[in-house]
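Below is one structure, written out as structure tokens; the observations come after it.
There are 2 protein chains.
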Amino acid sequence: MTKKNIFYAQSGGVTAVINATACGVIETARKFKEDIGTVYAGRDGILGALREDLIDTSQESDESIAMLRHTPAGAFGSCRYQLPAYEENPEIYQRLIDVFAAHNIGYFFYNGGGDSQDTANKVAKVSKQLGYPITCIGLPKTVDNDLPITDNCPGFGSVAKYIAISIREAGLDVASMSANSTKVFIMEVMGRHAGWIAAAGGLAQEQEGDAPHIILFPERTFNAKEFLQKVDECVKRHSYCAIVTSEGIKNGEGNLISNSGLKDAFGNAQLGGVAPLLANLIQKELGYKYHWALVDYLQRAARHIASKTDVDQAYALGKTAVERALAGKNAIMLTIERIPGDTYLWKIGETALDNVALVEQPLPDEYITQDGYHITQACRDYMAPLIQGEDYPPYKNGLPQYARLKNIAVPKKLEEASIV
Amino acid sequence: MTKKNIFYAQSGGVTAVINATACGVIETARKFKEDIGTVYAGRDGILGALREDLIDTSQESDESIAMLRHTPAGAFGSCRYQLPAYEENPEIYQRLIDVFAAHNIGYFFYNGGGDSQDTANKVAKVSKQLGYPITCIGLPKTVDNDLPITDNCPGFGSVAKYIAISIREAGLDVASMSANSTKVFIMEVMGRHAGWIAAAGGLAQEQEGDAPHIILFPERTFNAKEFLQKVDECVKRHSYCAIVTSEGIKNGEGNLISNSGLKDAFGNAQLGGVAPLLANLIQKELGYKYHWALVDYLQRAARHIASKTDVDQAYALGKTAVERALAGKNAIMLTIERIPGDTYLWKIGETALDNVALVEQPLPDEYITQDGYHITQACRDYMAPLIQGEDYPPYKNGLPQYARLKNIAVPKKLEEASIV
């Protein structure tokens, strides 16, 4: 049997640590030179496979690959693309197999969220069906922390740390200004469907009175009257109010508050941003001076303050993918398993891709306090370990130094096909 | 002569390092116990003096005071309040003198921006006039970097570092997503009157093609057509476009773009946020998928990634204020002086308060490129040293540990006066 090559690709929204997983895959594959050929990375996720646009990672130095461990975002490019069902478009699968066969690819490692696990699962099944069975291993990644079975998703711990630090720092700022200036601060965070990231802000509160005072979850219907009363009580008690809101909060009809009708001067709908809407509401109804922030990509790209636990787990997933592939495992997603006990310990586990594809893990009801505006001790117990440790990147001239890969394409062997 | 006490207060928008200056004042005063009494801090800036609400810093442990060096925001509270002219309201000045006399205060250290230096100047002059001369020393602080004479303003270097890091990280994120998703990212930063902070984003660009590709300055009239063309060219060339915009960009009539007419569903004007307006414009005219962030207080409170140079300078100002006050200096603002040479070296200088009160230092014209959308080498040469070095705070449970002062009030000696 000739050595097979690995196809590794990054999918969906990128994170501060997805490249740490890539680093784990590539560094480990380089250690098993007897058994494994080259790691080819898909340029822009699976699009790279469909377009036969493979990146030859063997052309990168060990130093460059090592730098991936502390480089945010997707070094090979990502994409938002979901494979259709085989019956709908068999050509796409045939193309994948053709590309994989042409480049002697025996392993498909797909690094992404629920949609990506579905893609990995389809590739596992169809490749077998088509007589070119590929070893498929899903590598979890999503800041949304919404994959099932795995204890947590790499990428989430670092966002959680960034959000908790940011609201702690901004909270101190508002507190300083509250005597005769700003009294309310609102920070909008990601999470259209689930409040995992918003919940992480709650970790900043160590004592009664600490920021954040209020957290708004997509899991709870937004009630303007009740919210305003909470804000007012908080300002009267603490002289200021620091709020973390999920972008995904909804009204009683289940519609996103952020879609509730901002229009620009030309009458065009204004897209995005629930924080300014809440700020306007507070200003109008309570008269408090406010500030607001919307962190967007900053939260998931903030490698400068990534969680060490998160980085370690992301790397371990990549490393383990190679090991388990060599051990003959197939059609699995690797997971993080929490080892029960007083001290936080974890190991890499696995589950069948069938169990995770397209399944969403909601924020447990018992993580939100009875009143719906903060997190419970159960939530803290779960989340606190995930933000442990700092893993600072190296700096030069005052700025973090991130990998600059050459990303050299593997020469094409097939005719061009206009699939995607 | 009995030992005199120091009155120290924080004024205006707070920063990541203003407490480092407080730390310098208090630690140094504690070393000169023979010559100096207690450091009283004004609760909420000068309001604390007018309300006779002084904080007795001698009640804080050495450990707590040392923690101020790495604690963001204003530990004693700040305020937005400018002293009126003496002629307009002599009672206010009399009240100040009464409070200072009652508490044996001989030194007034005011830590703030241009308005605060004006206040310090007025106190210096009027106190002499009223027969209770107080040694007044202004300590510069402003993220806006707009004080004259001083080479830079403590607080700015840390914002600059945060902004440059953030756009570098988010830029990598957008680049990853650009194949078939987000192509444009806009980050809005502070700077209503001057583009110092926006300019700092430019430091992230080390090579052609790096983020940010476009910077929008309040010093240049916003031209929508030209801007859109730049964005389009950039996306076509690099596959994505990362933009830093100052909140203060203006149209041809000199009006803020951010005030250009967003209305909510109820017809109320929507306050703040030029980034979403630019994003909408891009979406409408070019059709590119976008993301935007507005960092607001996060940028000036981000002590977790403060510039070491900034922290060192902020601390040195506090230390030097005590030393120069003891040396008989009065009615001065301390400055950072850049020592000419190839290596960046600095020392603490001073200038008469008359020279700085209410004077604004604009971003030099030669710091903006000819086309108006980026920074020049001269700007890099000036700014790069200010973001040098990291000065990480200590962490516990994954979060930075910031000072929690007791802020115990000095017993009042005067009757209440409803001045402010």
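Protein chains in written order, with my numbering: chain A, 5 to 424; chain B, 5 to 424. The C-beta atom is built at its ideal place from N, Cα and C for all residues, glycine as well.
Outcome for residue i when other beta-carbon atoms lying within 10 angstroms are tallied against a minimum of 16
{"i": "residue 39/B", "result": "exposed"}
{"i": "residue 258/B", "result": "exposed"}
{"i": "residue 66/A", "result": "exposed"}
{"i": "residue 244/B", "result": "buried"}
{"i": "residue 175/A", "result": "buried"}
{"i": "residue 284/A", "result": "buried"}
{"i": "residue 343/B", "result": "exposed"}
{"i": "residue 233/A", "result": "exposed"}
{"i": "residue 228/A", "result": "exposed"}
{"i": "residue 417/B", "result": "exposed"}
{"i": "residue 115/A", "result": "buried"}
{"i": "residue 412/B", "result": "exposed"}
{"i": "residue 64/B", "result": "buried"}
{"i": "residue 420/B", "result": "exposed"}
{"i": "residue 182/A", "result": "buried"}
{"i": "residue 297/B", "result": "buried"}
{"i": "residue 331/B", "result": "exposed"}
{"i": "residue 160/B", "result": "buried"}
{"i": "residue 47/A", "result": "buried"}
{"i": "residue 36/A", "result": "exposed"}
{"i": "residue 314/A", "result": "buried"}
{"i": "residue 335/B", "result": "buried"}
Closer than 8 Å to chain A by CB, residue i
{"i": "residue 81/B", "result": "yes"}
{"i": "residue 193/B", "result": "no"}
{"i": "residue 208/B", "result": "yes"}
Residue-level contact to chain B via CB, residue i, 8 Å cutoff
{"i": "residue 30/A", "result": "no"}
{"i": "residue 391/A", "result": "yes"}
{"i": "residue 280/A", "result": "yes"}
{"i": "residue 188/A", "result": "no"}
{"i": "residue 423/A", "result": "no"}
{"i": "residue 18/A", "result": "yes"}
{"i": "residue 295/A", "result": "yes"}
{"i": "residue 277/A", "result": "yes"}
Nearest-angstrom Cβ-Cβ length linking residue i and residue j, presumed shorter than 8 Å
{"i": "residue 42/B", "j": "residue 62/B", "result": "5 Å"}
{"i": "residue 169/B", "j": "residue 235/B", "result": "Residue 169/B to residue 235/B, Cβ: 23 Å. No contact."}
{"i": "residue 101/B", "j": "residue 136/B", "result": "5 Å"}
{"i": "residue 51/A", "j": "residue 184/B", "result": "7 Å"}
{"i": "residue 360/B", "j": "residue 121/B", "result": "5 Å"}
{"i": "residue 21/B", "j": "residue 318/B", "result": "4 Å"}
{"i": "residue 119/A", "j": "residue 295/B", "result": "Between residue 295/B and residue 119/A the Cβ distance is about 19 Å, and since that is not below 8 Å, they are no contact."}
{"i": "residue 214/B", "j": "residue 18/A", "result": "Residue 214/B to residue 18/A, Cβ: 17 Å. No contact."}
{"i": "residue 248/A", "j": "residue 216/A", "result": "5 Å"}
{"i": "residue 489/A", "j": "residue 72/A", "result": "As displayed, chain A neither begins before 5 nor continues past 424, which places residue 489/A out of reach and without an answer."}
{"i": "residue 103/B", "j": "residue 53/B", "result": "5 Å"}
{"i": "residue 454/A", "j": "residue 221/A", "result": "Chain A is shown from 5 up to 424; residue 454/A falls before or after that span and cannot be answered."}
{"i": "residue 157/A", "j": "residue 165/A", "result": "Contact flag wrong, Cβ pair sits at about 14 Å."}
> Given a limit of 7 Å on CB to CB distance, which residues of the region 159–173 of chain B reach chain A?
Replying inline: 165, 168, 169, 170, 172, 173
>> For the pair the region 393–410 of chain B and the region 304–321 of chain B, tell me if three or more CB-CB distances fall below 8 Å.
In response: yes
> Closer than 9 Å, Cβ to any Cβ of chain A: which residues of the region 174–186 of chain B, in chain order?
Replying inline: 174, 175, 176, 177, 178, 179, 180, 181, 182, 183, 184, 185, 186
> Listed in chain order, which residues of the region 298–312 of chain B have Cβ atoms closer than 8 Å to some Cβ of chain A?
Replying inline: 298, 299, 300, 301, 302, 304, 305, 306, 307, 308, 309, 311
>> Count Cβ pairs between the region 396–405 of chain A and the region 245–257 of chain A that sit closer than 8 Å; are there 3 or more?
In response: Remark: fewer than three beta-carbon pairs, one from each stretch, lie closer than 8 Å, so the region 396–405 of chain A and the region 245–257 of chain A are not flagged as touching.
> Of the residues that make up the region 70–97 of chain A, which ones have a beta carbon closer than 9 Å to any beta carbon in chain B?
Replying inline: 75, 76, 77, 78, 79, 80, 81, 82, 83, 84, 85
>> Counting only Cβ-Cβ distances shorter than 9 Å, please list the residues of the region 371–399 of chain A near chain B, keeping chain order.
In response: The region 371–399 of chain A vs chain B, Cβ under 9 Å: 388, 389, 390, 391, 392, 393, 394, 396, 399.
> Would you call the region 361–370 of chain B and the region 139–159 of chain B in contact, with 3 or more CB pairs under 8 Å?
Replying inline: yes
> Do the region 206–213 of chain B and the region 374–385 of chain B touch if we need at least three Cβ pairs shorter than 8 Å?
Replying inline: yes
> Quick one, which residues of the region 49–68 of chain A are near chain B if we go by CB-CB under 7 Å, in chain order?
Replying inline: 51
> Any residues in the region 199–227 of chain B with a beta carbon nearer than 9 Å to a beta carbon of chain A? Which ones, in chain order?
Replying inline: Residues 207, 208, 210, 211.
>> I'd like to know if the region 64–81 of chain A and the region 90–105 of chain A are in contact, where contact means that at least 3 CB-CB pairs between them fall below 8 Å.
In response: no
> Are there three or more Cβ pairs, one per stretch, closer than 8 Å when the region 5–20 of chain B is compared with the region 137–146 of chain B?
Replying inline: Touching, yes, given that three or more Cβ pairs across the two stretches are closer than 8 Å.
>> Taking 8 Å as the cut-off, does the region 191–200 of chain A touch the region 334–341 of chain A (at least 3 CB pairs, one atom from each stretch)?
In response: no
> When you check each C-beta in the region 402–416 of chain A against every C-beta of chain B, which residues fall closer than 7 Å?
Replying inline: 402, 403, 404, 406
>> Short of 7 Å Cβ to Cβ, which residues in the region 343–363 of chain B face chain A?
In response: none
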